[in-house]
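Numbering follows my numbering, in which position 848 of the sequence shown is assigned residue number 862; successive positions increment by one, without gaps.
No residue lacks a Cβ here, since even glycine has one placed at the ideal position from N, Cα and C.
Read through the structure below, which is laid out as structure tokens, and then see the notes.
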Amino acid sequence: MEQTNLSVKPYNRDSFRVRTWCFIVLLCCSFTAFGQQLINGTVTDDQGIPIGGVSVQEKNTSNGAVTDFDGKFNITVKPGTSVLVFSYMGFKTLEKEVGEQTTITIVLKEDLQKLDEVVLIGYGSQKKADVTSAVASVKSEDFIQGNVKDAAQLIQGKVAGLTISTPSGDPTSGSQIKLRGISSLSGGSDPLVLVDGVPGSLNTVAPEDIESIDVLKDGSATAIYGTRGTNGVIIITTKSGSYNMKPTIEYNGYASLSTIARKLDFMNASDLRKRWDEGYTFIGANIRDYGADTDWLDEITRNAFSQVHNLTFRGGNESTSLTASLNYRDMEGIFLKSDNKRYTGRVNVAHSMFDNRLKSTIGFIVSEQVFNALGDGTSFNPYIYRQALIRNPTEPVKNEDGTWMERDEYFYDNPVAYIMETLGENRERNVRFDFSTSYKINDNFSAKALYARRGNSKIRGFYQTKNHVSTVKYSQGGFASRGADNFINNYGQLTLDYNQSFGKHRVSALIGYNYEDNMDEGFWVNNSNFPTDGFTYNNIGTGKWLEEGRAGMGSYKNSSKLIAFFSRVTYNFDDRYLLMASLRREGSSRFGANNKWGYFPGVSAGWRMHEESFMDSFTWLDNLKLRAGFGVTGINAGSNYQSLSGLTYSDYFLYNGEWIRQLVPNRNANPNLKWEKKEEINFGLDYGFLDGRISGTVDYYSRRTKNSLHNYSVPTPPYFYNEMVANVAEIKNSGLEILLTAIPFKTDNFQWTANFTYSANSNEIVSLSNSEFQLTNDFFDTGYASEPIQVSTHRVQEGQPIGNFFGWKSVDITEDGIWLIENRDGNIVPSTEATTEDRQVLGNGLPKSYFSWNNTVKYKNWDFNVNIRGALGYQILNFPRMYYENPTVNYNTLNSAYDKIYGKAVLGDVQRLVSYYVEDGDFVKLDNVTIGYTLPKSAFKFVENFRIYATGLNLATITGYKGIDPEVDTDGLDPGNDERDKYPSNRTFSLGINLTF
15 MEQTNLSVKP YNRDSFRVRT WCFIVLLCCS FTAFGQQLIN GTVTDDQGIP IGGVSVQEKN
75 TSNGAVTDFD GKFNITVKPG TSVLVFSYMG FKTLEKEVGE QTTITIVLKE DLQKLDEVVL
135 IGYGSQKKAD VTSAVASVKS EDFIQGNVKD AAQLIQGKVA GLTISTPSGD PTSGSQIKLR
195 GISSLSGGSD PLVLVDGVPG SLNTVAPEDI ESIDVLKDGS ATAIYGTRGT NGVIIITTKS
255 GSYNMKPTIE YNGYASLSTI ARKLDFMNAS DLRKRWDEGY TFIGANIRDY GADTDWLDEI
315 TRNAFSQVHN LTFRGGNEST SLTASLNYRD MEGIFLKSDN KRYTGRVNVA HSMFDNRLKS
375 TIGFIVSEQV FNALGDGTSF NPYIYRQALI RNPTEPVKNE DGTWMERDEY FYDNPVAYIM
435 ETLGENRERN VRFDFSTSYK INDNFSAKAL YARRGNSKIR GFYQTKNHVS TVKYSQGGFA
495 SRGADNFINN YGQLTLDYNQ SFGKHRVSAL IGYNYEDNMD EGFWVNNSNF PTDGFTYNNI
555 GTGKWLEEGR AGMGSYKNSS KLIAFFSRVT YNFDDRYLLM ASLRREGSSR FGANNKWGYF
615 PGVSAGWRMH EESFMDSFTW LDNLKLRAGF GVTGINAGSN YQSLSGLTYS DYFLYNGEWI
675 RQLVPNRNAN PNLKWEKKEE INFGLDYGFL DGRISGTVDY YSRRTKNSLH NYSVPTPPYF
735 YNEMVANVAE IKNSGLEILL TAIPFKTDNF QWTANFTYSA NSNEIVSLSN SEFQLTNDFF
795 DTGYASEPIQ VSTHRVQEGQ PIGNFFGWKS VDITEDGIWL IENRDGNIVP STEATTEDRQ
855 VLGNGLPKSY FSWNNTVKYK NWDFNVNIRG ALGYQILNFP RMYYENPTVN YNTLNSAYDK
915 IYGKAVLGDV QRLVSYYVED GDFVKLDNVT IGYTLPKSAF KFVENFRIYA TGLNLATITG
975 YKGIDPEVDT DGLDPGNDER DKYPSNRTFS LGINLTF
């Protein structure tokens, strides 16, 4: 019998453990697999149209999904007890119990009240229902359409308390923005602009590339931005792709025609010859008839054609989304050689990893702007416009020999020659790179880091030829100028967010760090007397002025730094009681040695009264929320190095046979220099009735700016220099803001939405001096009417509002045309006997109130928008009338110069600033009218959306003002001056299309 060897392996305990654990893991995975439920579904609106981009979240978990372009989604959830939460901007949030279902269809209803809509706040976002500060949000569907200049004009008349105006027709100029009045003597009124969370400008991205604009108005909302929050914060959100988004291509483009909105009525050749026939004699420009019939304004203007094209590419899968856009803007101005071309490209890529816990975004924005320069470094020289107005209309443009017609009169030059013999170009390039990453640590904590770098480079060239008046009359031999500027900004941000819900309580908290540095540098040089025009400004060293020591040159470089730590806490109890508190500690390199850091607290609270049980009987009430807030913001201290003493080089002196240049003081050290501090309190009411058919807000605010900067005379010694910038002045503003939105009619095919805004503001200079720094008087004068009048136009005085015109009060005229003035004693004296002490307040250039009425009508595939706005309670100093409504001047005049003043006599006095030229500026504008038609989807199978529209801007104005446009410059401390040579405003008509593939 054969022997069989049997061997028994010894027991291996480690192997047994491994196998056991593998079995347990597999068993758990099996139970888990059996314990999951796959849900497929579709989300539509109440018309059955699929909605893409809807957030689908398993309640109280981090598990979620997003609907695709066709409104479809799938998500794996726990069976039986799971609840799905569906949310999308503009629709009411819906919760749905899953039960045993595997396929569900969800219908979202439009949220007319939009309480679930998310609005952006400082370093984060909130549901609209939870906001306790004065915050406004405007979406792209509500933007002004047509030929807008920048992002601000998109929301013109849309936000109560935010004044946006475009007083200049220059295609390179931007919008003027003012929020809740003037809060500083020298700090300006521009708000902080954030583009996708990064500081920028209203031109960082193209208006067609913007999805929404949020405006933080009161101190409690902007305190978290510290020294940059006083003038409000505008948060721009660009269009972006989303995960699981079907690839789309959007094209938006339009062509525009612009014309001068209104012309001043100056004498033409027929008018001038009529005056000669009536016996008038003139000196200067209109001394004789030169035989021609020239419309000088027509010679230098044109119908301006513009075009804008914007392409946006968007799409995404489960883990990556992409957005790319290209924008081209070619804007012509109404003056010859006045233009503005801009090219902008933007790419944004977002990627998520680790079950959407880690999300990263990288973005690039590149733009280039090119425009003709008719001024040295500027797009247009207003002197050219002035010359066209005052030129003798009987003069020809050119002499018989083909040379430009020029005459030897004081400040009297051929405007056509000025344009044609000027060559110039400004080129500006902007580059922005940004990278952000966020990590969801758990259901409560998330961290985010952001870095951005911005660069701006400018180069400019300017040349006046040998045929330019500067050579023809003043023998300059050609003039060239060249310059370049460079700006670099680094921006870094770290934040940690906390969110927690327990029972009826919801708490969120934020802590963060912010770093920013800026560097500016540049140079310029000019030269004259060139051997040829051939090189223009590209061979600037050949001019003889350099050899003669008469050429000009200069350079500069400066830098600044800003560092901040900030925090915020919000609390919500039972969706009824709301609280938010924030604190920012900020340091600036501009602050003095004794005040390097500042603190900026903000706090606000809200009470949603309609959620109380005692309001249950008011079934027609959708929303009633009371708000109150307080915040401290600032304006960064002056300019760079202003807290430090400074020296500069002055004239030469002879010492030991050698010429030595003097080194003299030009700035005193001020270790106490700090931020301008604005304290603001805000009370608000949000309301909504009748299922969102009527809604709105009311806000009252009171703000006081302390430590406002101003320049003061100081004794020498003990100071080295006779002036010093110090924190002394105090200003107060208060006002009321009202927003009312109503849907008067709404059916399946027709809807009319009306929006009304109203805002009123009053301000006062509380003080201009303190115990250390005093003015000679309790006022200072500002603004200026140039020669031959040469007086200030405004007075800033304690106890008075900013913007007061100050001059002689004219009450009558003598038989020989001399002004009669009311002097300081109340007596009437001729202007020839009046003194500067007889001047008094003549009006105010800041409107007391603004209003707008915006209407949107939709009927089937048609849409119609009308925007009306206006300003009330202010005056304008009409410079063209003050200078040219006078037959004694040496230039061409307005036809009204020969009308009798007060019905008594034609003016025979010299040009003076008198109250006769201060007019009421109240106006109502038909600002924008748009009509559009969206083609049915069946018209083009490959097109998702095809809309054609026509629009007009600045169509009509109702006003008693006699100038071109009552919407004049209101910036600074001399608002309401309608300068005689400002670029006239335009009327624009556009035809455009919107396409989505």
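Inset, instruction - Compute the distance between the beta-carbons of S234 and N586, then report whether it is under 8 angstroms. - result: Residue numbering aside, residue 234 sits at position 220 when the sequence shown is read from its first letter. Residue numbering aside, residue 586 sits at position 572 when the sequence shown is read from its first letter. Not closer than 8 angstroms, so no.
Inset, instruction - Please name the residue in T767, V112, T973, Y357 whose C-alpha comes closest to that of V322. - result: The residue given as residue 322 occupies position 308 in the sequence shown. When only C-alpha atoms are compared, the closest one is Y357.
Legend entry - Beta-carbon separation (whole angstroms), Y239 vs V247, contact threshold 8 angstroms: Position 225 of the sequence shown holds residue 239. Position 233 of the sequence shown holds residue 247. Right, their Cβ atoms sit about 6 angstroms apart.
Legend entry - Which listed residue (G329, R474, S452, G469) has its alpha carbon closest to that of N440: Your numbering for residue 440 matches position 426 in the sequence shown. Answer by Cα proximity: R474.
Inset, instruction - At 4 residues or longer, and completely inside the region 519-595: list those alpha helix (DSSP H) runs for me, N to C. - result: 558-561
Inset, instruction - Pick helix, strand or coil for K260, following the three-state DSSP scheme. - result: Within the sequence shown, residue 260 is the residue found at index 246, counting from 1. It is coil, neither helix nor strand.
Inset, instruction - Please work out which residues of its chain come closer than 8 angstroms, Cβ to Cβ, to E737, disregarding the five sequence neighbours upstream and downstream, and give them in chain order. - result: Within the sequence shown, residue 737 is the residue found at index 723, counting from 1. Excluding residues within five positions, the ones whose Cβ falls inside 8 angstroms are N682, N725, Y726, S727, V728.
Inset, instruction - Compare the Cα-Cα distances from S542 to each of T550, S182, E829 and report the closest residue. - result: For the purposes of this step, residue 542 is identified with residue 528 of the sequence shown, where counting begins at 1. Nearest of T550, S182, E829 to S542, Cα basis: T550.
Inset, instruction - Could you have a look at D312 and say whether DSSP puts it in helix, strand or coil? - result: For this step, residue 312 is matched to residue 298 along the sequence shown. Note: D312 maps to helix in three-state DSSP.
Legend entry - Three-way DSSP call (helix, strand, coil) for P221 in this model: As a working note, residue 221 is residue 207 in the sequence shown. The answer is helix: DSSP assigns P221 an H, G or I state.
Inset, instruction - Tell me, please, whether the CB atom of S783 is closer than 8 angstroms to any CB atom in chain C? - result: Here chain C cannot be found, since the structure has a single protein chain.
Legend entry - For P802, the three-state DSSP class (helix, strand or coil): One-based indexing of the sequence shown puts residue 802 at position 788. In the structure shown, P802 sits in coil (DSSP, three-state: anything other than H, G, I, E or B).
Inset, instruction - Spell out the partners DSSP gives H482 in its beta bridges. - result: Position 468 of the sequence shown holds residue 482. None; H482 has no bridge partner.
Legend entry - Anticipated Cβ contact below 8 angstroms, I314 with I398, distance rounded: Locating residue 314 in the sequence shown gives position 300, where the first residue counts as 1. Locating residue 398 in the sequence shown gives position 384, where the first residue counts as 1. Correct: roughly 7 angstroms between the Cβ atoms.
Legend entry - Residue range of the alpha helix (DSSP H) that includes Q401: Working through the sequence shown from its first residue, we reach residue 401 at position 387. Where Q401 is concerned, the enclosing alpha helix (DSSP H) stretches over 396-404.
Inset, instruction - Name, in chain order, the residues that DSSP records as bridge partners for K277. - result: As a first step, residue 277 is located in the sequence shown; it is residue number 263 there, counting from the start. Per DSSP, none; premise fails for K277.
Legend entry - For V617, the nearest candidate out of F667, R302, A642, N354 (CA to CA): To locate residue 617, count along the sequence shown from 1; it is residue 603. Nearest of F667, R302, A642, N354 to V617, Cα basis: A642.
Inset, instruction - Determine the contact status of Y975 and I890, defining contact as a CB-CB distance below 8 angstroms. - result: On the sequence shown, residue 975 is found 961 positions in, with the first residue counted as 1. On the sequence shown, residue 890 is found 876 positions in, with the first residue counted as 1. Yes, they are a contact pair.
Inset, instruction - Could you tell me which residues DSSP pairs with I1007 in its beta bridges? - result: By 1-based counting over the sequence shown, the position of residue 1007 is 993. Paired residues: G267, I962.
Inset, instruction - Please classify I433: is it buried, with 16 or more other beta-carbons within 10 angstroms of its beta-carbon, or exposed? - result: For the purposes of this step, residue 433 is taken as residue 419 along the sequence shown, with counting starting at 1. Buried: at least 16 other Cβ atoms inside 10 Å.
Legend entry - Backbone secondary structure at E625 - three-state DSSP: What you label residue 625 is simply residue 611 of the sequence shown in a count that begins at 1. It is helical.
Legend entry - Own chain partners of L940 with C-beta closer than 7 angstroms, once the 5 adjacent residues on each side are dropped: Translated into the one-based positions of the sequence shown, residue 940 becomes position 926. Cβ neighbours of L940 beyond the five flanking positions: I882, L969, A970.
Legend entry - Sheet register partners of K231 (DSSP bridge): Position 217 of the sequence shown, counting from 1, holds the residue named residue 231. Paired residues: none, contrary to the question.
Legend entry - Spatial distance of R838 from N741 (CA atoms): Residue mapping note: residue 838 aligns to position 824 of the sequence shown, counting from 1. Residue mapping note: residue 741 aligns to position 727 of the sequence shown, counting from 1. Approximately 33 angstroms between the Cα atoms of the pair.
Inset, instruction - From the DSSP output, in three-state form, read off D877 for me. - result: Along the sequence shown, one-based indexing puts residue 877 at 863. If DSSP states are grouped into helix, strand and coil, D877 belongs with the strands.
Inset, instruction - May I ask you to verify whether the region 901-908 touches the region 277-296, counting CB pairs closer than 8 angstroms and requiring at least 3? - result: yes
Legend entry - Where P213 sits in the DSSP three-state scheme: What you label residue 213 is simply residue 199 of the sequence shown in a count that begins at 1. In the structure shown, P213 sits in a strand (DSSP, three-state: E or B).
Legend entry - Reduced DSSP secondary structure (H/G/I, E/B, other) of L927: Here residue 927 is taken as the residue at index 913 of the sequence shown, counted from 1. The answer is coil: DSSP assigns L927 none of H, G, I, E or B.
Inset, instruction - Report the option in L350, E899, R287 whose CA atom is closest to the CA atom of A915. - result: As a first step, residue 915 must be located in the sequence shown, where it is residue number 901. The question names Ala, yet the displayed sequence has Ile at residue 915. Here the closest residue by C-alpha is E899.
Legend entry - Boundaries of the alpha helix (DSSP H) in which S450 is found, first to last residue: As a first step, residue 450 must be located in the sequence shown, where it is residue number 436. Not the alpha helix (DSSP H): S450 falls in the beta strand (DSSP E), residues 436-454.
Legend entry - Sub-8 angstroms separation of N1000 and I348 beta-carbons: Sequence index remark: in the sequence shown, residue 1000 carries index 986 (1-based). Sequence index remark: in the sequence shown, residue 348 carries index 334 (1-based). Contact flag set, yes.
Inset, instruction - Determine the direct distance from the alpha carbon of T1010 to that of Y873, and round the result to whole angstroms. - result: Taking the first residue of the sequence shown as position 1, residue 873 is located at position 859. Taking the first residue of the sequence shown as position 1, residue 1010 is located at position 996. Cα to Cα, Y873 sits roughly 21 angstroms from T1010.
Legend entry - Touch test, the region 140-160 against the region 281-301, Cβ-Cβ under 8 angstroms, three pairs minimum: no
Legend entry - Those residues which DSSP pairs with A885 across a bridge: Taking the first residue of the sequence shown as position 1, residue 885 is located at position 871. Answer by DSSP bridge pairing, in chain order: Y864, F937.
Legend entry - Inter-residue Cα distance where the pair is F501 and L640: Here residue 501 is taken as the residue at index 487 of the sequence shown, counted from 1. Here residue 640 is taken as the residue at index 626 of the sequence shown, counted from 1. Roughly 45 angstroms separates the two Cα atoms.
Inset, instruction - Identify, in the order they occur along the chain, each residue of the same chain with its Cβ nearer than 7 angstroms to the Cβ of N1008, setting aside the five sequence neighbours on each side. - result: The residue labelled residue 1008 in the question sits at position 994 within the sequence shown. Closer than 7 angstroms at the Cβ level, and outside the excluded window around N1008, lie N266, N959, R961.
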